[in-house]
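In full-length UniProt numbering, the protein residues as written are 1 to 345. Beta carbons: idealized from backbone N, C-alpha and C, even for Gly. To start, the structure itself, in structure tokens.
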Ligand code: PMP
């Protein structure tokens, strides 16, 4: 077991996965049933993306596509970039990341710190423009040989990583008692892979997806159509999408709910002061979505709900954990200090 402290580890990679589930005690008091979170910040790279980075790299090694010194390429400034850079450093590969110019300098510095070569690409060009980060990554993959392109939105191994690890862990940790899974959907790898495993064990487990206002996933799940009217900009990073990722298996998801930037940010802060958990923006989104699903009558007193909290709060200090940023977004408009204090009591 990766999380047995008596084990000696040859490197950080054997600490990936086997994250704990932790009971919610205070924030969930008004909800029906019992609630556990799958605490993915416990991964050595502080997010669930460690699982996919390791699985995809291991598979490429098994298939003879990577040997020491080769290059791994991806388009991300987020958690996946950090996880790939960490695994590449440990295993002796080069890591090149094509990132959008929208990415904060903090994130770019973090990826460089982990040894990645970072190409900053303009965010205001179409995906098919040769300057876009998609096209830059593709070009790098074609010109640098040998290299692999992780392509997480369209890579079935992303989903498989969660089918092989997150799903079985949750099943064992809940001793098969889980009735509902709540998970954010970005690439859809986490929710789809975990759901596929859980539904194989018990098809009655309900899989509830969290999407963002400004993303197409919920509507696509309901209608089978990509509705461009659903697309507009939003702040939550890693949640939702403006295209349909093949890593998402919409058939294993029962229902989506959409959350707002503001409510998700406030909820992340509430999680910190009620449960002592310092988690990322999408953990706030998942918790906010859980409250909405409860209000929609999804749960009852027998519900045993597992909510995936994908990452750690440290990556959001200049955003949701900055009072200045929150004020600038207008997110403090309706929550007074008094209410903030009430939350803490
Ligand atoms: N939360 C965060 C912080 C993420 O970076 C991601 C990945 N984009 C997700 C949630 C969603 O996970 P997935 O891509 O597996 O759907």
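Item                                                                                                                              : Value
Distance CB(residue 131)-CB(residue 167) smaller than 8 Å                                                                         : no
Contact set for residue 56: own chain, Cβ-Cβ below 6 Å, skip 5 residues either direction                                          : 150 and 157
Contacting residues, own chain, Cβ-Cβ under 7 Å from residue 33 (five flanking each side not counted)                             : 299, 300, 301, 302, 303, 304 and 305
Beta-carbon proximity check, residue 209 vs residue 310, cutoff 8 Å                                                               : no
Residue 185: CB within 7 Å of a non-hydrogen atom of the ligand PMP                                                               : yes
Chain-order list of residues whose beta-carbon lies under 6 Å from that of residue 307 (same chain, five-residue window excluded) : 37, 182, 286 and 290
Collapsed DSSP secondary structure at residue 112 in the structure displayed                                                      : helix
Residue ranges of each beta strand (DSSP E) within the region 197-226, 3 or longer                                                : 206-212
Residues that DSSP places opposite residue 311 in a beta bridge                                                                   : 47
For residue 330, three-class secondary structure by DSSP                                                                          : coil
Reference residue 81, options 227, 170, 65 and 116, closest by Cα                                                                 : 116
Alpha-carbon to alpha-carbon, residue 228 and residue 258                                                                         : 16 Å
Closest residue to residue 346 among 284, 30, 52 and 314 (Cα-Cα distance)                                                         : The shown model of the chain, from 1 to 345, leaves out residue 346, and the question about it has no answer.
Host alpha helix (DSSP H) of residue 183 (start-end)                                                                              : Looking at the DSSP string, residue 183 is not in any alpha helix (DSSP H); the run it does join, the beta strand (DSSP E), is 180-184.
Whole-angstrom distance between residue 122 and residue 100, CA atom to CA atom                                                   : 6 Å
Sufficient close CB pairs (3 or more, under 8 Å) joining the region 267-282 to the region 20-29                                   : yes
Pick from 139, 91 and 61 that is closest to residue 13, judged by C-alpha positions                                               : 91
Sub-8 Å separation of residue 185 and residue 214 beta-carbons                                                                    : no
Local Cβ density within 10 Å of residue 327, reported as buried at 16 or more and exposed below that                              : exposed
Euclidean distance between Cα positions of residue 241 and residue 134                                                            : 15 Å
Residues that DSSP places opposite residue 306 in a beta bridge                                                                   : 36 and 181
Entirely enclosed alpha helix (DSSP H) segments - the region 111-165, minimum 4 residues                                          : 133-143 and 156-164
Spatial distance of residue 44 from residue 204 (CA atoms)                                                                        : 33 Å
C-alpha distance - residue 333 paired with residue 264, whole-angstrom precision                                                  : 14 Å
Residue 321 beta carbon less than 8 Å from that of residue 330                                                                    : no
Proximity to residue 218 [Cα-Cα], best of 193, 199 and 245                                                                        : 245
heavy atom of the ligand PMP below 7 Å from residue 191 C-beta                                                                    : yes
Where the beta strand (DSSP E) through residue 97 begins and ends                                                                 : 94-100
Alpha helix (DSSP H) runs contained entirely in the region 247-289, provided each spans 4 or more residues                        : 261-275
Where residue 80 sits in the DSSP three-state scheme                                                                              : helix
Backbone CA spacing between residue 159 and residue 52 [nearest angstrom]                                                         : 8 Å
heavy atom of the ligand PMP below 7 Å from residue 274 C-beta                                                                    : no
Residues near residue 9 in its chain [Cβ-Cβ closer than 7 Å; skip 5 each side]                                                    : 15
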